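Colleague: Take this structure first; my questions come after.
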Amino acid sequence: MKITYHVLFVVKLFVVNMFMLAMIVVSNTHAHGLLGDRLERVTRSVESLPSTASAEDKARLLLERGRVYQQGQDWQHALSDYRDALILSPLLYDVYYWQGVLYTEQQDFIKAQRSLEAYLRRVPESPDGHIALAELKHLQRDYYYAVAHYNLAIRHDPKSAPDTFIQRAKSLQNIKPVPLTRIEWGIREGYAVHGALVSLVSTLIEIKVKFEDYQGALDEFAYLSEKIRVAPKWQVQEAELLALVGDKVKSLERYQAAVQSIDALSSHRRLTEAMTELREQSQREIARLTRM
């Protein structure tokens, strides 16, 4: 049963992430419309530049337009604007950064590394540059150097975004053998900067589950506010972990609480696919635990 619970827990995390992805996709149509408006505006600015404008001003507008092209995945026009910008202003180092990001998006990793390293040679303390190179190294499965660049990003920006700590932890997990304590320390460094954000806590719970430290994962629930803990998805996750550590009584109580929480929702929320799945899972586990 231990393996079954572990698999169910990981699958549940996947379902929640897919639900969030669906919400992002819904907004894409509106985003594309905004990109078209921005492209038209920047192009007008480029074309209306007076002949007396400085090379740097022209280069910055080309960089801005290239970024709009890049967001719309028009790689050819983006790269063309980036190249022209560098010709006009070789000291506009941000071009190297955005070229590197673009090549990473294209999965042209050799050119991406060349561009990002060129950027960091010129701006060695750029947190964004180190994060971009860390992301590239992770994609190349060069996890050791990914972690090294995440470390540099955090060193140069002590208030780095929570995602930087999270992504560093994900790279660390792929370095064998790295003890759980080292990965945990990295996430707790994020706690120290941002507090116990849900994204950081949930990442550490997921990591501890993968290491089969179920009691340790349960301990992280203490960092969540009561308002978060009574949400159905968190009640179910806590119930799963309680079952994994052998606390049948508390596990049963949490599953029952999850069903009650779902039933108390408005019909619109209660009947969503995510809530329906959580309720069905809870009922199955209540029946199973009751028979034990």
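Numbering (my numbering) for the sequence shown: 328 to 619.
All C-beta atoms, glycine included, are put in the ideal place defined by N, C-alpha and C.
It should be emphasised that the depicted structure is a prediction, and the values quoted were computed from it without experimental measurement.
1) Do three or more CB pairs link the segment 577 to 589 to the segment 535 to 554 at distances below 8 Å?
2) Within the segment 536 to 607, note down every full beta strand (DSSP E) run reaching 3 residues or more, in order along the chain.
3) Check whether the segment 425 to 434 touches the segment 442 to 449, counting contact only when three or more Cβ pairs, one atom from each stretch, lie closer than 8 Å.
4) Can you give the beta carbon distance from Y458 to A480, rounded, assuming they're within the 8 Å contact cut?
5) Go through its chain and collect everything with a Cβ distance to K535's Cβ below 8 Å, but skip five positions before and after it.
6) Thinking L390 and D421 are a contact (beta carbons under 8 Å), I'd like their distance in whole angstroms, please.
7) So, using beta-carbon positions, are H521 and P489 closer together than 9 Å?
8) Drop a sphere of 10 angstroms on the beta-carbon of L605, count the other beta-carbons inside from all chains shown, and report buried for 16 or more, exposed for fewer.
9) Taking the continuous alpha helix (DSSP H) assigned at E383, which residues delimit it?
10) Short of 8 Å in beta carbon distance, which residues of its chain neighbour A376, apart from the five on each side in sequence? Order them along the chain.
11) Quick check: the Cα distance between P451 and A461, rounded to an integer number of angstroms?
12) Locate the alpha helix (DSSP H) running through D490, then write down its first and last residues.
13) Considering only their Cβ atoms, is the gap separating R365 from V395 smaller than 9 Å?
14) May I ask you to report which of helix, strand or coil DSSP gives P417?
15) I613 to K577, Cα distance in whole Å?
16) Going by CA-CA distance only, name the one from I493, A549 and R597 that's closest to Y477.
17) Can you tell me whether I437 is buried or exposed, with buried defined as 16 or more other CB within 10 angstroms of its CB?
18) Verify whether the separation of the beta carbon atoms of Q610 and V563 is less than 9 Å.
19) Should Q403 and L362 be called a contact, given that it needs their Cβ atoms to be closer than 9 Å?
20) Kindly list the residues whose CB is nearer than 6 Å to the CB of A473, restricted to its own chain and excluding five residues on each side of it in sequence; keep chain order.
21) With a Cβ-Cβ cutoff of 9 Å, do A601 and K560 count as a contact?
22) Give the straight-line distance between the Cα atoms of R392 and D401, rounded to the nearest whole angstrom.
23) I'd like the span of the alpha helix (DSSP H) that includes Q440, first residue to last.
24) Hey, L406 and L413 are a contact pair by Cβ (cut 8 Å); roughly how many whole angstroms apart?
25) May I ask you to report which of helix, strand or coil DSSP gives S526?
26) Where do the N-terminal and C-terminal ends of the alpha helix (DSSP H) with T508 fall, by residue?
27) What residue does the alpha helix (DSSP H) around E452 start on, and which one ends it?
28) Taking the C-alpha atoms as reference points, what is the distance between V557 and G517?
Modeller: A quick look at the data gives this:
1) no
2) As far as the segment 536 to 607 is concerned, it has no whole beta strand (DSSP E) run of at least 3 residues.
3) Note that the segment 425 to 434 touches the segment 442 to 449; at least 3 beta-carbon pairs, one per stretch, sit closer than 8 Å.
4) Translated into positions along the sequence shown, residue 458 becomes position 131. Translated into positions along the sequence shown, residue 480 becomes position 153. According to the sequence shown, residue 458 is Ile rather than Tyr. Rounded, the Cβ-Cβ distance is 5 Å, consistent with contact.
5) On the sequence shown, residue 535 is found 208 positions in, with the first residue counted as 1. Closer than 8 Å at the Cβ level, and outside the excluded window around K535, lie L507, E511, Y541, G543, A544 and E547.
6) Against the sequence shown, residue 390 aligns to sequence position 63. Against the sequence shown, residue 421 aligns to sequence position 94. 6 Å between Cβ atoms; contact.
7) Position 194 of the sequence shown, counting from 1, holds the residue named residue 521. Position 162 of the sequence shown, counting from 1, holds the residue named residue 489. Yes; because the gap between Cβ atoms is below 9 Å, this pair is in contact.
8) Within the sequence shown, the letter at position 278 stands for residue 605. Classification for L605: buried.
9) Stepping through the sequence shown from its first residue, residue 383 is reached at position 56. From DSSP, the alpha helix (DSSP H) with E383 extends over A382 to Q398.
10) For this step, residue 376 is matched to residue 49 along the sequence shown. Looking at the sequence shown, residue 376 is not Ala but Leu. These residues qualify, in order along the chain: D384, K385 and L388.
11) For the purposes of this step, residue 451 is taken as residue 124 along the sequence shown, with counting starting at 1. For the purposes of this step, residue 461 is taken as residue 134 along the sequence shown, with counting starting at 1. Roughly 14 Å separates the two Cα atoms.
12) Against the sequence shown, residue 490 aligns to sequence position 163. Judged by DSSP secondary structure, D490 falls within the alpha helix (DSSP H) whose first and last residues are P489 to Q500.
13) Residue 395 sits at position 68 when you count from the first residue of the sequence shown. Residue 365 sits at position 38 when you count from the first residue of the sequence shown. Result yes, Cβ atoms of V395 and R365 sit closer than 9 Å.
14) For this step, residue 417 is matched to residue 90 along the sequence shown. It is coil, neither helix nor strand.
15) Here residue 613 is taken as the residue at index 286 of the sequence shown, counted from 1. Here residue 577 is taken as the residue at index 250 of the sequence shown, counted from 1. When rounded, the distance between both Cα atoms is 11 Å.
16) Start at 1 with the first residue of the sequence shown, and residue 477 comes out as number 150. Here the closest residue by C-alpha is I493.
17) As a first step, residue 437 must be located in the sequence shown, where it is residue number 110. Answer is exposed; the Cβ neighbour count stays below 16.
18) Stepping through the sequence shown from its first residue, residue 610 is reached at position 283. Stepping through the sequence shown from its first residue, residue 563 is reached at position 236. Contact: no.
19) Translated into positions along the sequence shown, residue 403 becomes position 76. Translated into positions along the sequence shown, residue 362 becomes position 35. No, the Cβ-Cβ distance between Q403 and L362 is not below 9 Å.
20) Start at 1 with the first residue of the sequence shown, and residue 473 comes out as number 146. These residues qualify, in order along the chain: A461, K464, H465 and S498.
21) The residue labelled residue 601 in the question sits at position 274 within the sequence shown. The residue labelled residue 560 in the question sits at position 233 within the sequence shown. The answer is yes: Cβ separation under 9 Å.
22) Taking the sequence shown and counting its residues from 1, one reaches residue 392 at position 65. Taking the sequence shown and counting its residues from 1, one reaches residue 401 at position 74. One C-alpha to the other measures close to 11 Å.
23) Position 113 of the sequence shown, counted from the start, is the residue given in the question as residue 440. F436 to R449 is the extent of the alpha helix (DSSP H) around Q440.
24) Locating residue 406 in the sequence shown gives position 79, where the first residue counts as 1. Locating residue 413 in the sequence shown gives position 86, where the first residue counts as 1. About 11 Å; that fails the 8 Å criterion.
25) The residue given as residue 526 occupies position 199 in the sequence shown. Three-state result, S526: helix.
26) Within the sequence shown, the letter at position 181 stands for residue 508. It spans L507 to H521 - the alpha helix (DSSP H) in which T508 sits, taken as one unbroken run.
27) Locating residue 452 in the sequence shown gives position 125, counting from the first residue. First-last for E452: undefined, no H or E at that position.
28) Residue 557 sits at position 230 when you count from the first residue of the sequence shown. Residue 517 sits at position 190 when you count from the first residue of the sequence shown. Each residue's alpha carbon lies about 24 Å from the other.
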